[in-house]
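Q: Residue numbers (numbering that gives the first Met the number 0): 0 to 109.
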Amino acid sequence: MIIAMADDRTDLLEQLWDEVSTMPFPPAWYQREPGGQCLVTLHAVLAGSAAAVLDGPLDPRHRAHLRGRLAALARILPAFAQDPYAAHYFETVHRMAALAERIDRERTGD
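1) Between the C-alpha atoms of residue 62 and residue 91, what's the straight-line distance to the nearest angstrom?
2) Can you tell me the Cα-Cα spacing of residue 75 and residue 33, whole angstroms?
3) Give the DSSP-derived three-state secondary structure of residue 105 in the structure shown.
4) DSSP three-state label for residue 29, please.
5) List the endpoints of the continuous alpha helix (DSSP H) containing residue 49.
6) Which stretch, first to last residue, makes up the alpha helix (DSSP H) that contains residue 71?
7) Ignore the nearest five residues each way along the sequence and tell me which others in residue 18's own chain have a CB closer than 7 Å to its CB.
8) Check the C-beta distance from residue 125 over to residue 93 and give it rounded, since I have them as a contact under 8 Å.
9) Helix, strand or coil, according to DSSP, for residue 4 in the structure here?
See below:
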């Protein structure tokens, strides 16, 4: 049962990663840095972390980096409220990264 739940979560993470990978980055946000965050870099780090979790557990340094960037995105999500596409895009990135963090935490017990 626990293995089946983990497999379901991994399948969902793959689906979210595929969705994020095929969505164009919101063009109006390339040069903007809400809360001092470079969104292109933030997206790249979170997508890369999710892909790495699909391959296995993260090392402690990468796990801490994922958690920090996930928290940074959570803080700035309200900045996208007036742009429905950007809001959907970054909420999907957030869901993907949060699921990756959860899967990694459950694997490592951390």
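We put the CB at the ideal spot given by N, CA and C, even for glycine.
A: A quick look at the data gives this:
1) When the Cα atoms are used, residue 62 and residue 91 turn out to be separated by approximately 20 Å.
2) So the alpha carbons of these two residues sit roughly 6 Å apart.
3) Here residue 105 carries a helix assignment [DSSP, helix/strand/coil].
4) DSSP, reduced to helix, strand and coil, places residue 29 outside both helices and strands of the structure shown, so it counts as coil.
5) Residue 49 -> alpha helix (DSSP H) spans 38-54.
6) Per DSSP, residue 71 is one residue of the alpha helix (DSSP H) stretching across 59-75.
7) Cβ-Cβ distances below 7 Å link residue 18 to 91 in the same chain, with the five nearest sequence neighbours on each side left out; the list follows chain order.
8) The requested residue 125 is not part of the displayed model; the chain covers only 0 to 109.
9) Because the pLDDT of residue 4 is 49, which lies under 50, any placement of that residue in the model is unreliable, and the question is left without a value.
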